[in-house]
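First residue of the sequence shown? That's 247 in the numbering used here, and the numbers climb one at a time after it.
Read through the structure below, which is laid out as structure tokens, and then see the notes.
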Amino acid sequence: MLEKLRFDIIKIMIKETIQIGNPNIRKKSKKVSKTDISSKKIKTVISDLVDSMRHNELVGISAPQINKNIKIFATEIRQTKNRKPADMDELRVFINPEINFFSKETYNDYEGCGSVANANLFGLVKRSKSVIIKALDLNGKVFELKATGLLARVIQHEYDHLDGILFTDRVTDTKSYMSGSEYRKMMSK
Numbered sequence: 247m248l249e250k251l252r253f254d255i256i257k258i259m260i261k262e263t264i265q266i267g268n269p270n271i272r273k274k275s276k277k278v279s280k281t282d283i284s285s286k287k288i289k290t291v292i293s294d295l296v297d298s299m300r301h302n303e304l305v306g307i308s309a310p311q312i313n314k315n316i317k318i319f320a321t322e323i324r325q326t327k328n329r330k331p332a333d334m335d336e337l338r339v340f341i342n343p344e345i346n347f348f349s350k351e352t353y354n355d356y357e358g359c360g361s362v363a364n365a366n367l368f369g370l371v372k373r374s375k376s377v378i379i380k381a382l383d384l385n386g387k388v389f390e391l392k393a394t395g396l397l398a399r400v401i402q403h404e405y406d407h408l409d410g411i412l413f414t415d416r417v418t419d420t421k422s423y424m425s426g427s428e429y430r431k432m433m434s435k
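In structure tokens:
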């Protein structure tokens, strides 16, 4: 009985990731008011984001993906069989983010998304190699972060979600689409 209770508690915190085709994934998100940042409602959204991101083995997730139309996203680049320790980054929460700088230097790389075929579709997307982002933290304090490489890519991807943009809108070559299983085979070589 205790094991079932634990599963039910965990299940409550993990939100279903809404999928492409749901009109809510295309809506522009609203700013979180400074007074709401410390509210139970916003703390719950952040907790749900982190739990859902980890459960679905994603490296980032935005509030619109769990059907919350507010400007919040989380990132956490953890080691997996396809991700090297050099790419890892700690858990970060971005509230009302603004990207103030996109490097002119760009590169194409594969992206997937928890809201596009449950992260089982990948395609090449051109992104800036580095960005500078300004946001509020969990306590409502302003911070600025310069990100490069994979973290910069994840930030740009999640930031797009806040404007209703999906990675499929930015794919540079539709012939680059591949299934999640083919992507993982490619990454393991």
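Glycine included, every Cβ here is placed at the ideal spot set by N, Cα and C.
Every value quoted in this text rests on a predicted model; they were computed, and no experiment measured them.
Alpha-carbon spacing of M424 relative to S349, whole angstroms: Translated into positions along the sequence shown, residue 424 becomes position 178. Translated into positions along the sequence shown, residue 349 becomes position 103. Between the alpha carbons of M424 and S349 lies a distance of about 28 Å.
Segment limits, alpha helix (DSSP H) that includes D406: What you label residue 406 is simply residue 160 of the sequence shown in a count that begins at 1. Per DSSP, D406 belongs to the alpha helix (DSSP H) from 395 to 407.
Per DSSP, the bridge partner or partners of T352: Locating residue 352 in the sequence shown gives position 106, where the first residue counts as 1. DSSP, once it has assigned bridges, lists S374 as partnering T352.
Contact check, V362 vs T414, beta carbons under 7 Å: As a position in the sequence shown, residue 362 is number 116, starting the count at 1. As a position in the sequence shown, residue 414 is number 168, starting the count at 1. The beta carbons of V362 and T414 sit closer together than 7 Å.
Spatially closest choice to Y353 from K375, R338, F340, by CA coordinates: For the purposes of this step, residue 353 is identified with residue 107 of the sequence shown, where counting begins at 1. Measuring from the Cα of Y353, the nearest candidate turns out to be K375.
Neighbourhood of N342 by C-beta distance below 7 Å, restricted to the same chain and skipping five residues each side: For the purposes of this step, residue 342 is taken as residue 96 along the sequence shown, with counting starting at 1. Answer for N342: K277, V278, K317, A381, L382, listed in chain order.
Close-in-space but distant-in-sequence residues of the same chain around E404 (CB under 6 Å, 5 per side omitted): In the sequence shown, the residue the question calls residue 404 occupies position 158. Excluding residues within five positions, the ones whose Cβ falls inside 6 Å are G306, S308, F319.
Whole-number beta carbon distance between S275 and L408, since they are thought to touch under 8 Å: Here residue 408 corresponds to residue number 162 of the sequence shown, with the count starting at 1. Here residue 275 corresponds to residue number 29 of the sequence shown, with the count starting at 1. Indeed they touch by this definition, with Cβ atoms about 4 Å apart.
Neighbourhood of E195 by C-beta distance below 8 Å, restricted to the same chain and skipping five residues each side: In the structure as shown, the chain starts at 247 and stops at 435, and residue 195 therefore has no counterpart that could be examined.
E344 versus N364: straight-line alpha-carbon distance, rounded: The residue labelled residue 344 in the question sits at position 98 within the sequence shown. The residue labelled residue 364 in the question sits at position 118 within the sequence shown. Near 27 Å, if we compare the C-alpha coordinates of N364 and E344.
Minimum length 4: unbroken alpha helix (DSSP H) runs contained in the stretch 260 to 284: Along the length of the stretch 260 to 284, whole alpha helix (DSSP H) runs at least 4 residues long do not occur.
Boundaries of the beta strand (DSSP E) in which G306 is found, first to last residue: Looking up residue 306 in the sequence shown gives position 60. Element bounds for G306: 306 to 308.
Contacts around F340, its chain only, beta-carbon distance under 6 Å, and the 5 residues preceding and following it disregarded: Stepping through the sequence shown from its first residue, residue 340 is reached at position 94. So the list reads F319, A381, once near-sequence residues are dropped.
Buried versus exposed call for L370 [16 or more other C-beta atoms within 10 Å across all chains shown]: Reading the sequence shown from its first residue, position 124 is the one you call residue 370. Buried.
Own chain, CB closer than 8 Å to I264, minus 5 neighbours either side, in chain order: Here residue 264 refers to the residue found at position 18 of the sequence shown. Cβ neighbours of I264 beyond the five flanking positions: N270, I271, P310, Q311, I312, N313, S361.
Rounded separation between R416 and K286 - CA only: Locating residue 416 in the sequence shown gives position 170, where the first residue counts as 1. Locating residue 286 in the sequence shown gives position 40, where the first residue counts as 1. Between R416 and K286, the alpha-carbon positions lie close to 35 Å from each other.
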